[in-house]
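Report on the following structure.
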Amino acid sequence: MGLSKERLAGDLKEALKSRDRLKTSVLRLLSTLIKNREVEKRGALDDQEIIQAVVASCKLRNEAIEQYEKGGRPDLAAKEEAELRLLEAYLPPPLSTDELRQKVDEAVLAASAASLKDMGRVMALLMPEISGRADGKVASQMVRDALSRR
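Per the working numbering, the very first residue in the sequence shown carries number 0; after that it's consecutive.
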């Protein structure tokens with residue numbers, strides 16, 4: 000199921016009715032983040048941009064978990080992990096390694112890439128397809144490997 004503002008609003012309403020404080024808090028923060036991005040953009044966000052907002056929020060949660068664990072605060076780390084699990088439910092299913100490798104190969108062919116100099120073009124084609132479904136660093140390494148074999 001795709002992510003949309005309507006789905007978020009419906010889920011927020013449901014969380015409010017069921018008095019789920021954690022889910023309500025996370026969805027309110029996400030809704031505010033989306034509204035702020037719409038104000039910055041001066042227009043409505045499409046589903047892909049909403050997914051990018053969720054991915055950014057997930058990255059923040061991962062960093063916070065790491066910091067809390069380093070600081071000896073497992074209680075706060077557990078809270079952030081619970082929030083992260085809720086946010087991940089709004090992301091599309093992740094790509095497997097084989098699926099990602101296939102998308103990388105398709106992007107390399109589509110860009111007619113011959114060497115590492117063409118990496119920017121390949122990544123520009125690849126990232127919109129895998130955004131929110133795969134880690135950009137992993138994809139970048141796969142592109143680099145694919146181009147170095149040529």
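Beta carbons: idealized from backbone N, C-alpha and C, even for Gly.
Since the structure is predicted, the reported quantities are computational estimates derived from the model, not experimental observations.
With a CB to CB cut of under 7 Å and the five nearest residues on each side skipped, what residues in its chain are close to residue i?
{"i": "R100", "result": "M141"}
{"i": "L32", "result": "A52 and S56"}
{"i": "A43", "result": "E37"}
Would you kindly work out how many angstroms separate the C-alpha atoms of residue i and residue j, rounded to a whole number?
{"i": "S56", "j": "A110", "result": "31 Å"}
{"i": "A14", "j": "A76", "result": "22 Å"}
{"i": "V53", "j": "E87", "result": "8 Å"}
{"i": "G135", "j": "T96", "result": "13 Å"}
{"i": "S114", "j": "A138", "result": "16 Å"}
{"i": "D7", "j": "S24", "result": "Position check: residue 7 holds Leu in this sequence, whereas Asp was assumed. So the alpha carbons of these two residues sit roughly 12 Å apart."}
{"i": "R41", "j": "K34", "result": "10 Å"}
{"i": "G131", "j": "G71", "result": "30 Å"}
{"i": "L26", "j": "G9", "result": "10 Å"}
{"i": "K16", "j": "Q47", "result": "28 Å"}
{"i": "S3", "j": "E105", "result": "28 Å"}
{"i": "E82", "j": "L29", "result": "11 Å"}
{"i": "Y67", "j": "S147", "result": "39 Å"}
{"i": "P73", "j": "R36", "result": "32 Å"}
{"i": "K22", "j": "L85", "result": "7 Å"}
{"i": "D117", "j": "R20", "result": "48 Å"}
{"i": "E98", "j": "M122", "result": "16 Å"}
{"i": "E62", "j": "K69", "result": "11 Å"}
{"i": "A145", "j": "E5", "result": "40 Å"}
{"i": "A112", "j": "L11", "result": "45 Å"}
{"i": "I129", "j": "R18", "result": "35 Å"}
Please work out which residues of its chain come closer than 6 Å, Cβ to Cβ, to residue i, disregarding the five sequence neighbours upstream and downstream, and give them in chain order.
{"i": "E65", "result": "none"}
{"i": "R120", "result": "A110"}
Please identify the residue among the options whose C-alpha is closest to the C-alpha of residue i.
{"i": "I49", "options": "D104, L90, K22 and A112", "result": "L90"}
{"i": "P127", "options": "E68, R36, L11 and D45", "result": "D45"}
{"i": "V103", "options": "D19, R60 and R143", "result": "R143"}
Who are the Cβ neighbours of residue i in its own chain at under 8 Å, not counting the five residues just before and after it?
{"i": "L124", "result": "A106, A109 and A110"}
So residue i and residue j are in contact, right, with Cβ under 8 Å, and what is the actual spacing, rounded?
{"i": "E79", "j": "R60", "result": "5 Å"}
{"i": "P93", "j": "A133", "result": "6 Å"}
Next item on the list: May I have a chain-ordered list of the alpha helix (DSSP H) segments no shorter than 4 residues that lie completely inside the segment 113 to 145?
Entry: 118 to 129
Inside the segment 16 to 63 only - beta strand (DSSP E) runs reaching at least 3 residues | none
Exercise for the section: Ignoring anything shorter than 4 residues or poking outside the segment 59 to 88, list the alpha helix (DSSP H) runs there in chain order. Expected result: Here the runs fully enclosed are 73 to 87.
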